[in-house]
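Asks: Those sequence lines, one after another, are chains A and B.
The numbering of the first sequence is this note's numbering, which starts it at 1 and goes up by one.
The numbering of the second sequence is this note's numbering, which starts it at 1001 and goes up by one.
Just so you know, even glycine gets a beta-carbon here, dropped at the ideal spot from N, CA and C.
Since the structure is predicted, the reported quantities are computational estimates derived from the model, not experimental observations.
Pasting a structure here, questions to come.
Number of protein chains: 2
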Amino acid sequence: MRIDLSYDGTAFYGWGVQKDLRSVQGEILRVFNFLTHSKVDIFVAGRTDAGVHARGQVIHVDLNQHQIDRLENPERLNRALPEDIRIHSMTVAPIGFDARFSALWRRYSYRVCDESTQMSPLERNHTLFHYKPLDIDAMNQAAQGLLGLQDFAAFCKPRDASTAMREVEYLKWHREKAACVMTVQADAFCHSMVRSIVGALIPVGDGRKPVGWPAEILAGRDRTLGPTVMPAHPLVLEEVGYPSEQDMSARQIITRSKRAQDEG
Amino acid sequence: MRIDLSYDGTAFYGWGVQKDLRSVQGEILRVFNFLTHSKVDIFVAGRTDAGVHARGQVIHVDLNQHQIDRLENPERLNRALPEDIRIHSMTVAPIGFDARFSALWRRYSYRVCDESTQMSPLERNHTLFHYKPLDIDAMNQAAQGLLGLQDFAAFCKPRDASTAMREVEYLKWHREKAACVMTVQADAFCHSMVRSIVGALIPVGDGRKPVGWPAEILAGRDRTLGPTVMPAHPLVLEEVGYPSEQDMSARQIITRSKRAQDEG
Chain A
1 MRIDLSYDGT AFYGWGVQKD LRSVQGEILR VFNFLTHSKV DIFVAGRTDA
51 GVHARGQVIH VDLNQHQIDR LENPERLNRA LPEDIRIHSM TVAPIGFDAR
101 FSALWRRYSY RVCDESTQMS PLERNHTLFH YKPLDIDAMN QAAQGLLGLQ
151 DFAAFCKPRD ASTAMREVEY LKWHREKAAC VMTVQADAFC HSMVRSIVGA
201 LIPVGDGRKP VGWPAEILAG RDRTLGPTVM PAHPLVLEEV GYPSEQDMSA
251 RQIITRSKRA QDEG
Chain B
1001 MRIDLSYDGT AFYGWGVQKD LRSVQGEILR VFNFLTHSKV DIFVAGRTDA
1051 GVHARGQVIH VDLNQHQIDR LENPERLNRA LPEDIRIHSM TVAPIGFDAR
1101 FSALWRRYSY RVCDESTQMS PLERNHTLFH YKPLDIDAMN QAAQGLLGLQ
1151 DFAAFCKPRD ASTAMREVEY LKWHREKAAC VMTVQADAFC HSMVRSIVGA
1201 LIPVGDGRKP VGWPAEILAG RDRTLGPTVM PAHPLVLEEV GYPSEQDMSA
1251 RQIITRSKRA QDEG
């Protein structure tokens, strides 16, 4: 089964189950196990850190017909789940579908308000306040240097086993009424990569660093000289893209071997 | 001084100062008194109940030049205020300006999601979940009967001293991606009036009551037979309208005498 869901990350210690800490995975497992009277495993497209939200997270779960009957429909799951997690849909996944390894791309957004008089209290749980005005054009110019297939080692938390080669397909800031919003899409992201990209572009936007600086530290590939990892709460996993049904099985085999130890 | 502000009502026991309870007015007074080293009074356009939010609240405060200098600018106030209140602007008000008595109209919104799979966790602090699908057209047809200058006694909390005559200038539901949003504008609202209007229209929207029902209970004028007062958290004070500067003084004199004991 493929399940699409959203959550408000504020009150979670991230996606993954942790002993004695509230996690998104933990809450979902609790409800699934309770409703199916059994123990199930769930697999996620993109593990999110503590405080990170999702509007378009995807999970898959292997269930027999008996378990599917017990889960019934998304409405039943939503009645059982806490209000900060909502299931949008629950469908039989195509053969070979894997929420993580079938994914072609992930898209995140990051929301920054650069004027204290424009901060919306109702959106503060997913908006960063930045004390200096941001130059969107400068940030977009700097973003050019982070596009394409590159080694993002300087933008990732050190993990010896894995490669930091990632392909950033889209990276752009735009202004919404009261905030600057960054949209970034890549085949996959390593740990803290989006928040490091924001940490590289904001100093350009507020004039502390030249436009060429983010590309420079990227080229340096030095994990210890990377940009500031920005706060988690303005970050939202917006959508995960998958291939058409016929391409699905092939894709899963390719990516599973390529990135066995990665975040996805 | 005229001050425009927003707040997230979730963590407040309403607008007005109450002993030992956190209120919007209380937080603002604390900061104003602290920054001006004096005791000031603030006057609000529309008192909001516990849990009600504002995107366009207006207050006025009488200050001497010394006090104005100490408040400096909205940025300074925002640094001192808690994050669930934001000041948008602070301007010298025209002569005769009174946040409450000069106001020509107030506009509120009320947000209801009628599909559990469409609930957005990030917006749940200002969205009501309704368990049955809503028919927007039926609600808009029923809303026609509540327009114009009428006696809203059946939609207001009993208060012997005051009249419940109010003029509803605009009342309409529209569908935004995931939710039905009601927008209502009137010269003024009596206590719990917007939430009673929602309580009258939702049973029409989900088919429990006929389209003519809201107008019927309005015509009954019976405060004890009014509609359900719906929850506060989906309600947002969006904007308060004022006359042009030259019409200001005249307006204040008229409304002050008309509604001395009302909510505004």
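1) In whole angstroms, give me the CA-to-CA distance for D262(A) and C190(A).
2) Quick one: does D1262(B) have its CB under 8 angstroms from some CB of chain A?
3) In three-state terms, what does DSSP make of S6(A)?
4) Out of K1132(B), S1089(B), T1010(B) and D1084(B), which has the shortest C-alpha to C-alpha gap to E1075(B)?
5) 8 angstroms is my cut-off, CB to CB: does I87(A) come that close to chain B?
6) Using beta-carbon positions only, say whether Y7(A) and A54(A) come within less than 8 angstroms of one another.
7) What residue range is occupied by the uninterrupted beta strand (DSSP E) comprising A1054(B)?
8) Could you tell me which chain B residues have their CB closer than 8 angstroms to the CB of D8(A), listed as they occur along the chain?
9) Return the CA-CA distance between A1143(B) and G1009(B), expressed in angstroms with no decimal places.
10) Which residue comes first and which comes last in the alpha helix (DSSP H) that contains F1032(B)?
11) Leaving aside the five residues before and after A1260(B) along the sequence, list all residues of the same chain whose C-beta is less than 6 angstroms from its C-beta, in chain order.
12) Assuming the contact rule is C-beta atoms closer than 8 angstroms, A1138(B) and R1002(B) should be a hit. Round their C-beta distance to whole Å, please.
13) Determine, for T1117(B), whether the minimum Cβ-Cβ distance to residues of chain A falls below 8 angstroms.
14) What did DSSP end up calling R1079(B) once you bin it into helix, strand or coil?
15) Please determine, among A1164(B), I1068(B) and A1200(B), the residue with the shortest C-alpha to C-alpha distance to P1214(B).
16) Report yes or no: do the segment 233–251 of chain A and the segment 53–69 of chain A share at least 3 C-beta pairs separated by less than 8 angstroms?
17) What's the C-alpha gap between G96(A) and V240(A)?
18) Where DSSP assigns a beta bridge to H987(B), which residues make up the other side?
19) N140(A) to L149(A), Cα distance in whole Å?
20) Within the chosen definition, does the segment 224–233 of chain A reach the segment 1032–1051 of chain B through at least 3 CB pairs nearer than 8 angstroms?
21) For the segment 1039–1060 of chain B, which residues have a beta carbon sitting closer than 8 angstroms to at least one beta carbon of chain A?
22) Nearest-angstrom Cα distance between P203(A) and K209(A)?
23) So, for I87(A): in the same chain, excluding its five sequence neighbours on each side, which residues have a beta-carbon less than 8 angstroms away from its beta-carbon?
24) Would you grab the beta carbon distance between R1106(B) and A1186(B) for me? Rounded to a whole angstrom, and I think it's under 8 angstroms.
25) Could you tell me which whole beta strand (DSSP E) segments of length 3 or greater appear in the segment 89–167 of chain A?
26) What do you reckon, are the CB atoms on L146(A) and L218(A) nearer than 8 angstroms?
27) Is there a Cβ from chain A that is less than 8 angstroms from the Cβ of D1084(B)?
28) Tell me which residues share the same chain as C113(A) and place their Cβ nearer than 8 angstroms to its Cβ, disregarding the 5 neighbours each side in the sequence.
29) Would you call the CB atoms of V61(A) and V31(A) closer than 8 angstroms?
30) In chain order, what residues of the same chain have a beta carbon less than 6 angstroms from the beta carbon of G1264(B), not counting five sequence neighbours either side?
31) If we define contact as Cβ-Cβ less than 8 angstroms, is Y1013(B) a contact residue for chain A?
32) Starting from the beta carbon of P1074(B), find every residue of chain A whose beta carbon is closer than 8 angstroms, and list them in chain order.
33) What are the partner residues of G1241(B), as DSSP defines its beta bridges?
34) Quick one: which chain A residues come within Cβ less than 8 angstroms of N1078(B)?
35) Kindly indicate which three-state DSSP category R208(A) falls into: helix, strand or coil?
36) Looking at I42(A) and Q65(A), is the spacing between their C-beta atoms short of 8 angstroms?
Replies: Quick answer:
1) Residue numbering aside, residue 262(A) sits at position 262 when the first sequence is read from its first letter. Residue numbering aside, residue 190(A) sits at position 190 when the first sequence is read from its first letter. The pLDDT assigned to D262(A) is 49, lower than 50, so where the model puts this residue is not dependable, and the model offers no usable value.
2) Within the second sequence, residue 1262(B) is the residue found at index 262, counting from 1. Reliability fails at D1262(B), whose pLDDT of 49 lies under 50, so the model's placement of it is uncertain and no value is given.
3) Stepping through the first sequence from its first residue, residue 6(A) is reached at position 6. DSSP, reduced to helix, strand and coil, places S6(A) within a strand of the structure shown.
4) In the second sequence, the residue the question calls residue 1075(B) occupies position 75. With distances taken between Cα atoms, E1075(B) lies closest to S1089(B).
5) The residue labelled residue 87(A) in the question sits at position 87 within the first sequence. Taking Cβ atoms only, chain B reaches closer than 8 angstroms to I87(A), which makes this a yes.
6) Here the question's residue 7(A) lines up with position 7 in the first sequence. Here the question's residue 54(A) lines up with position 54 in the first sequence. For Y7(A) and A54(A), yes; Cβs fall inside 8 angstroms.
7) For the purposes of this step, residue 1054(B) is taken as residue 54 along the second sequence, with counting starting at 1. Its beta strand (DSSP E) spans residues H1053 to V1061.
8) The residue you call residue 8(A) lines up with position 8 of the first sequence. By Cβ distance, chain B contributes P1121, L1122 and R1124.
9) Along the second sequence, one-based indexing puts residue 1143(B) at 143. Along the second sequence, one-based indexing puts residue 1009(B) at 9. Their Cα atoms are separated by approximately 27 angstroms.
10) In the second sequence, the residue the question calls residue 1032(B) occupies position 32. Looking at the DSSP string, the run of the alpha helix (DSSP H) that includes F1032(B) is V1024 to T1036.
11) Mapped onto the second sequence, residue 1260(B) falls at position 260. Annotation note: pLDDT 49 at A1260(B) (below 50); position unreliable, coordinate value reported separately. No residues qualify anywhere along the chain.
12) Taking the second sequence and counting its residues from 1, one reaches residue 1138(B) at position 138. Taking the second sequence and counting its residues from 1, one reaches residue 1002(B) at position 2. So it is not a contact: roughly 40 angstroms between Cβ atoms.
13) Position 117 of the second sequence, counted from the start, is the residue given in the question as residue 1117(B). At least one chain A Cβ lies under 8 angstroms of T1117(B).
14) Reading the second sequence from its first residue, position 79 is the one you call residue 1079(B). In this structure, R1079(B) counts as helix in the three-state DSSP scheme.
15) Here residue 1214(B) refers to the residue found at position 214 of the second sequence. Considering only alpha carbons, the answer is A1200(B).
16) yes
17) Locating residue 96(A) in the first sequence gives position 96, where the first residue counts as 1. Locating residue 240(A) in the first sequence gives position 240, where the first residue counts as 1. In this structure, the straight-line span from the alpha carbon of G96(A) to that of V240(A) is close to 17 angstroms.
18) Any question about residue 987(B) goes unanswered here, given that chain B covers just 1001 to 1264.
19) Numbered from 1 along the first sequence, position 140 holds the residue referred to as residue 140(A). Numbered from 1 along the first sequence, position 149 holds the residue referred to as residue 149(A). Cα to Cα, N140(A) sits roughly 18 angstroms from L149(A).
20) no
21) H1053 and R1055
22) Position 203 of the first sequence holds residue 203(A). Position 209 of the first sequence holds residue 209(A). Taking the straight line from one Cα to the other gives about 5 angstroms.
23) Residue 87(A) sits at position 87 when you count from the first residue of the first sequence. So the qualifying residues of the chain are I3, D4, L5, P74, L77, N78 and L81.
24) Here residue 1106(B) refers to the residue found at position 106 when the second sequence is read from its first residue. Here residue 1186(B) refers to the residue found at position 186 when the second sequence is read from its first residue. That belief holds up - the Cβ atoms of R1106(B) and A1186(B) are roughly 7 angstroms apart, short of 8 angstroms.
25) As far as the segment 89–167 of chain A is concerned, its whole beta strand (DSSP E) runs of at least 3 residues are 105–113 and 148–151.
26) Stepping through the first sequence from its first residue, residue 146(A) is reached at position 146. Stepping through the first sequence from its first residue, residue 218(A) is reached at position 218. Taking 8 angstroms as the Cβ cut-off, L146(A) and L218(A) qualify as a contacting pair.
27) As a working mapping, residue 1084(B) is identified with position 84 in the second sequence. It does: the Cβ of D1084(B) has a partner Cβ on chain A nearer than 8 angstroms.
28) Residue numbering aside, residue 113(A) sits at position 113 when the first sequence is read from its first letter. Here the set comprises M119, S120, T127, L128, F129, H130, A178, A179 and C180.
29) Position 61 of the first sequence, counted from the first residue, corresponds to residue 61(A). Position 31 of the first sequence, counted from the first residue, corresponds to residue 31(A). Cβ atoms of V61(A) and V31(A): not closer than 8 angstroms.
30) For this step, residue 1264(B) is matched to residue 264 along the second sequence. Reliability of the predicted coordinates at G1264(B) is poor, the pLDDT of 43 falling under 50, and no value is obtained from them.
31) What you label residue 1013(B) is simply residue 13 of the second sequence in a count that begins at 1. Chain A, which has no Cβ nearer than 8 angstroms to the Cβ of Y1013(B), makes this no.
32) Locating residue 1074(B) in the second sequence gives position 74, counting from the first residue. S116 and T117, listed in chain order.
33) The residue given as residue 1241(B) occupies position 241 in the second sequence. DSSP, once it has assigned bridges, lists W1105(B) as partnering G1241(B).
34) Residue 1078(B) sits at position 78 when you count from the first residue of the second sequence. Under the 8 angstroms cutoff, chain A gives S116, T117 and M119.
35) For the purposes of this step, residue 208(A) is taken as the residue at position 208 of the first sequence. Looking at R208(A) - three-state DSSP - the assignment turns out to be coil, as it is neither helix nor strand.
36) Position 65 of the first sequence, counted from the start, is the residue given in the question as residue 65(A). Position 42 of the first sequence, counted from the start, is the residue given in the question as residue 42(A). No; because the gap between Cβ atoms is not below 8 angstroms, this pair is not in contact.
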